[in-house]
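These notes are about the structure you will find just below.
In UniProt numbering, the protein residues as written are 1 to 236.
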C-alpha cells in the first residue's frame, strides 16, 4: 500500500522531505541531500531558482521535460549548467536523449542517463544512479512526444542495481501518477522494477497534477518532483 505525503515548506525556495523522519535522531543513517526537479518546460525563472538552490545539495536530479515539444532546450540548459554539483538528468517526453546530450555538452558536472546507470562520486563515497527517460507508456500526444512502450521500458530498467537511486521521467503506475480526473497514468514496468530492485529512492515527473507528492511503494519512497525544486535527504 502506498503512503502519500505532501511536503512542508522549507527555508528559502523549494520544499524539503526527509526519508528517515520516522527513525530516532540517534539511529539515523548518514544521508545525502538531493535536489530534485522536473518539468521546467522552458521556465527560465524556475531554472534560475534551481541554480541558487543547488549549492545546498550534494546531488541534483532532473527528471525530464526541460523543453516544450523540443523547443527551448538549449536556452533552459544554458542556465542550468551553472550548477556545479554532481547532476543526473533524464530526457522527458518533450526532448530526446540525443537532444539532451547535445544541450549539456558544456555542462561539466552533468550526466545524461537513458536505460543506463552511473556511479556518482561524493565526499561520502559513491552512489549508484539508474535513469530512464521518455513518456512511459506511450502518450496520446502524437509524433512529437518521445515515448516508449512497457516492453521497451522493462528492457531499459533491467540493469538497475538493487538499492540504487532511480530517476525516471514517468511515474510508476498507481503512485504519483494521478491526472486531474484522478485516473492513474503511470508505468507498470517502472512499478515492477521498483518492487523488484528496491531502489533507496525514486524520483519522477511528467504528471503535473501530482507534483511535489511522495508515496512509498514497497520500501521505496517515490517523489514526483515538479519545477519548484524539492530537497530530499536520502540514506547513504
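The C-beta atom is built at its ideal place from N, Cα and C for all residues, glycine as well.
Pick from the options: whose alpha carbon is nearest that of residue i?
i           : options               : result
residue 85  : 54, 99 and 97         : 54
residue 88  : 144, 208 and 104      : 104
residue 192 : 51, 157 and 214       : 157
residue 144 : 32, 96, 214 and 178   : 96
residue 177 : 224, 142, 194 and 219 : 224
Using a Cβ-Cβ cutoff of less than 7 Å, which residues in the same chain neighbour residue i once the five nearest sequence positions on both sides are dropped?
i           : result
residue 99  : 70 and 73
residue 68  : 41, 42 and 94
residue 153 : 132, 136, 187, 189 and 190
residue 32  : 58, 59, 122, 124, 127, 234 and 236
Looking only at its own chain, which residues have a Cβ that is under 6 Å from the Cβ of residue i, when we skip the five neighbours before and after it?
i           : result
residue 130 : 117, 160, 164 and 166
residue 46  : 40 and 227
residue 190 : 168 and 172
Can you tell me the Cβ-Cβ gap for residue i and residue j, rounded? I've got them flagged as a contact below 8 Å.
i           : j           : result
residue 150 : residue 188 : 6 Å
residue 207 : residue 179 : 6 Å
Alpha carbon to alpha carbon, what distance is there between residue j and residue i?
i           : j           : result
residue 276 : residue 216 : The question about residue 276 has no answer here: the residues shown for the chain are numbered 1 through 236.
residue 173 : residue 196 : 14 Å
residue 181 : residue 57  : 35 Å
residue 80  : residue 114 : 19 Å
residue 229 : residue 212 : 9 Å
residue 183 : residue 119 : 36 Å
residue 126 : residue 34  : 14 Å
residue 175 : residue 82  : 33 Å
residue 48  : residue 77  : 10 Å
residue 232 : residue 186 : 22 Å
residue 52  : residue 36  : 13 Å
residue 128 : residue 209 : 29 Å
residue 214 : residue 170 : 14 Å
residue 59  : residue 121 : 10 Å
residue 102 : residue 91  : 12 Å
residue 50  : residue 142 : 30 Å
Report all residues from its chain with a CB closer than 8 Å to the CB of residue i; omit the five preceding and five following residues, and keep chain order.
i           : result
residue 30  : 124, 235 and 236
residue 139 : 93, 145 and 147
residue 194 : 166, 172, 202, 217, 218, 220 and 222
residue 75  : 42 and 44
residue 155 : 115
Taking 6 Å as the cut-off, is the beta-carbon of residue i closer than that to any non-hydrogen atom of the ligand SAM?
i          : result
residue 43 : No copy of the ligand SAM appears in this structure; indeed no ligand is present at all.
Is the stretch 100–112 touching the stretch 150–165 in the sense that three or more CB pairs, one from each, lie closer than 8 Å?
no
Inspect the CB distances between the stretch 60–68 and the stretch 192–205 and report whether three or more fall short of 8 Å.
yes
Are the stretch 125–141 and the stretch 36–46 touching by the rule of at least three beta carbon pairs closer than 8 Å?
no
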